[in-house]
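S.K.: All residue numbers for the sequence shown refer to this note's numbering, where the first residue is 31 and numbers rise by one. Glycine included, C-beta positions come from ideal geometry on N, C-alpha and C. Only a predicted model underlies this, so the values are computations on that prediction, with no experimental measurement involved.
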Amino acid sequence: MLAGVCHQDFNSSFPLIFEGRNRKLQGLAVAILKLWEKSLIVKIALKWGVPNTNNEEMAFELKASLIEYRLLGCRYVRSLVSGRIMGVGFDASKILTGGVLLLRNKFLIILYRGKDFLPGRVANLVSERETKLKGFQLHEEGARLKAIETICLDNGPTENTSMSGTLSEFQDIQTEFRDLKNGNSDVEIKCEAEKQRLESELRKQEHKLFILNIKIDKSMKELSKLNAAWAPAEQDADQEMMTEEERLCFQKIGLKMDSCLVLGRRGVFDGVIEGLHQHWKYREVVKVITMQRLFHQVIYTAKLLEAESGGILVSVDKRKEGHAIIIYRGKNYRRPLKPEHKNLLTKRKALHRSIEMQRLGSLKYFAYERQRAITDLKLKLVILKL
31 MLAGVCHQDF
41 NSSFPLIFEG
51 RNRKLQGLAV
61 AILKLWEKSL
71 IVKIALKWGV
81 PNTNNEEMAF
91 ELKASLIEYR
101 LLGCRYVRSL
111 VSGRIMGVGF
121 DASKILTGGV
131 LLLRNKFLII
141 LYRGKDFLPG
151 RVANLVSERE
161 TKLKGFQLHE
171 EGARLKAIET
181 ICLDNGPTEN
191 TSMSGTLSEF
201 QDIQTEFRDL
211 KNGNSDVEIK
221 CEAEKQRLES
231 ELRKQEHKLF
241 ILNIKIDKSM
251 KELSKLNAAW
261 APAEQDADQE
271 MMTEEERLCF
281 QKIGLKMDSC
291 LVLGRRGVFD
301 GVIEGLHQHW
311 KYREVVKVIT
321 MQRLFHQVIY
331 TAKLLEAESG
341 GILVSVDKRK
351 EGHAIIIYRG
361 KNYRRPLKPE
371 HKNLLTKRKA
381 LHRSIEMQRL
391 GSLKYFAYER
401 QRAITDLKLK
411 LVILKL
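1. So if DSSP puts I140 in a beta bridge, which residue, or which two residues, is it bridged to?
2. According to DSSP, what are the bridge partners of H353?
3. Kindly identify the DSSP beta-bridge partner or partners of I342.
4. So I356 and G284 are in contact, right, with Cβ under 8 angstroms, and what is the actual spacing, rounded?
5. With DSSP run on the structure shown, which of helix, strand or coil describes L155?
6. Ordered along the chain, which non-local residues of its own chain (more than five positions away) have a Cβ less than 8 angstroms from that of I404?
7. Quick check on L416: buried or exposed, where buried means 16 or more other Cβ atoms within 10 Å of its Cβ?
8. For the alpha helix (DSSP H) that V412 lies in, which residues bound it at each end?
9. By how many angstroms is the C-alpha of K372 removed from the C-alpha of V302?
10. Over the uninterrupted alpha helix (DSSP H) stretch that includes L58, give me the two end residues.
11. Identify which residue in R134, N243, Y363, M250 has its Cα closest to the Cα of G341.
12. Output yes or no for whether 8 angstroms exceeds the beta carbon distance between I246 and L141.
13. Would you call the region 337 to 352 and the region 385 to 397 in contact, with 3 or more CB pairs under 8 angstroms?
14. In chain order, what residues of the same chain lie with their CB nearer than 8 angstroms to the CB of S249, ignoring the 5 residues before and after it?
15. Contact check, F396 vs L242 under 8 angstroms by CB: the rounded distance?
16. Would Y358 be called buried (16 or more neighbouring beta carbons within 10 Å of its own) or exposed?
17. Going by DSSP, what residues sit across from V315 in a beta bridge?
18. Cβ of R313 less than 8 angstroms from any chain B Cβ?
19. By the 10 Å Cβ neighbour count, where 16 or more other Cβ atoms means buried, how is L409 classified, buried or exposed?
20. Going by DSSP in three states, L148 sits in which element: helix, strand or coil?
21. Give me the Cα-Cα distance between L411 and E399, rounded to the nearest whole angstrom.
22. Would DSSP call L163 helix, strand or coil?
23. If you reduce the DSSP assignment to three classes, tell me which class L374 lands in.
24. Sorted by chain position, which residues of the same chain lie with C-beta nearer than 6 angstroms to L197's C-beta, five sequence neighbours on each side aside?
25. Taking the alpha-carbon positions, what's the K22 to N257 distance?
26. Using three-state DSSP, classify L92 as helix, strand or coil.
27. DSSP on V292, reduced to helix/strand/coil?
28. Could you compute how far the alpha carbon of M116 sits from the alpha carbon of K64?
29. Could you tell me the boundaries of the alpha helix (DSSP H) in which W78 lies?
30. Who are the Cβ neighbours of E351 in its own chain at under 7 angstroms, not counting the five residues just before and after it?
31. Can you tell me whether D202 is buried or exposed, with buried defined as 16 or more other CB within 10 angstroms of its CB?
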C-alpha cells in the first residue's frame, strides 16, 4: 500500500500519454515500454468526449497479466525490436505491457512496470548471453562426439554410447514433453482455479444459509408468541336451527347486499367482530368478503367468524371479488353492551402476525433455494475432483 502511494506521488510531475480508444493499443504499449526504461511508472490520460470509451477495458488491455508464463517457470524478457518474449516465443502484442495497475478512473490510468521488468538493453544482453550459451553447448557436444570417434578408432568398434546427459537428449526431452507439460499445466491451473471458485462460492452459500436459519428461528419464536396471545372461541353447542328455505332466503339476501365487510391480510381480529355487530344493528345478515385463495382457509375463517360472533353460518360462495361468507345473526340476537374480545389480537398485533407469517414463508423459500445451490456446488466439486 505504501509503495503504491509513493508511485502515485512520484508520478504527479510526469508528462501524460493521451489515449481515446479501447482496443488495439499496441502502439501505446510500445510507448509505455520505452517510458518504463526511464521511470518506474507511466501515467495515461483519457481523452474527454470520445464516445464508447471504457477505462476499465483500456486498463485490462494494457496490463495483460503474465501469470500463465510465470507458472511455466520461464523468465520473460520484453524485446521492443522483435516484439517477442525471449524464452517463451509468444507474440508481445497479445500480452501488451504486463504491468501492474495502480490507479484507474475516468481521467487517468497509472501503470507500474513491476520488479521483473527488463529494459531493452538488458533484454538484448540476455538474448546474446543465451546465444553464446547455446554455442558453448554445441561446441561441447561436438568435442564429445570427436572424443568418442577417437576412442572407436583406437580400440575398434564399440557398442552404442549412452545418450544420458547429452545435449541431444535434453533437446529431445524438450521437444517431446514441452507441449504436453504446458497443456497439462494449463488444464491443471484451470481446474484448480475452478475448484477454488466453487469452494469460495460454497462457503458463501453456506454462510448465507446459516444466517437464514438464524432468521427463521427468530421469526418462529416471534410468531409463536403472537399465536399464544390469542385463542379461538369454542363453538356454541346450543345453536339455533335453520331450515333449508330460510338458508336459501338469507343467502339470496346476503348476496344482493351492496354493503359488506372486507377481510384483509390481518385476518380475524377484535375489530372485525365489532364490525359484524355493527352490521347486525341494522340488518339480519352480513356479507364478509375474504381474499383467501385456498378453500380450506376460507372455510376455517368462516367457522372462526361464526364461533367468535355467535351468529349462524349461512353459506360460502365464490364471487368475482373473492369468497363471500354470509352469516345470520339469529332470532334471539342481542347486541352486547360492552364488546370485549380479549381472546383475539388487536389490529396492530394482527398486522404484525401477518407480516411474520409472510416473512417466515419467504425465509423458508430462500433457505430451500440456498440448500439446492449448496447441493449443486458439492456435486460439481465431486465431479471436478474425479
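M.R.: Judging by the given coordinates:
1. K73, L133
2. T320, K348
3. Y358
4. 4 angstroms
5. Here L155 sits in helix by DSSP.
6. Once the five neighbours on either side are set aside, the close Cβ partners of I404 are L232, Q235, E236, L239.
7. exposed
8. 377 to 415
9. For V302 and K372, the distance between alpha carbons rounds to 13 angstroms.
10. 56 to 66
11. Comparing Cα positions, the closest option is Y363.
12. No, the pair does not count as a contact, with Cβ atoms beyond the cut-off.
13. no
14. E386, R389, L390, L393
15. About 6 angstroms separates the CB atoms of F396 and L242; that is less than 8 angstroms, so the two are in contact.
16. Burial state of Y358 is buried, judged by a 10 Å Cβ sphere holding 16 or more other Cβ atoms.
17. Y358
18. The structure shown contains no chain B; it holds only a single protein chain.
19. exposed
20. coil
21. 19 angstroms
22. Looking at L163 - three-state DSSP - the assignment turns out to be helix.
23. coil
24. Q167, E171
25. Absent from the model: residue 22. The displayed extent of the chain is 31 to 416, so no value can be given.
26. helix
27. strand
28. Only weak support is given to the placement of M116: the predicted model assigns it a pLDDT of 37, under 50, and the question is left unresolved by the model.
29. Unbroken run through W78: none, as it is neither H nor E.
30. I319
31. exposed
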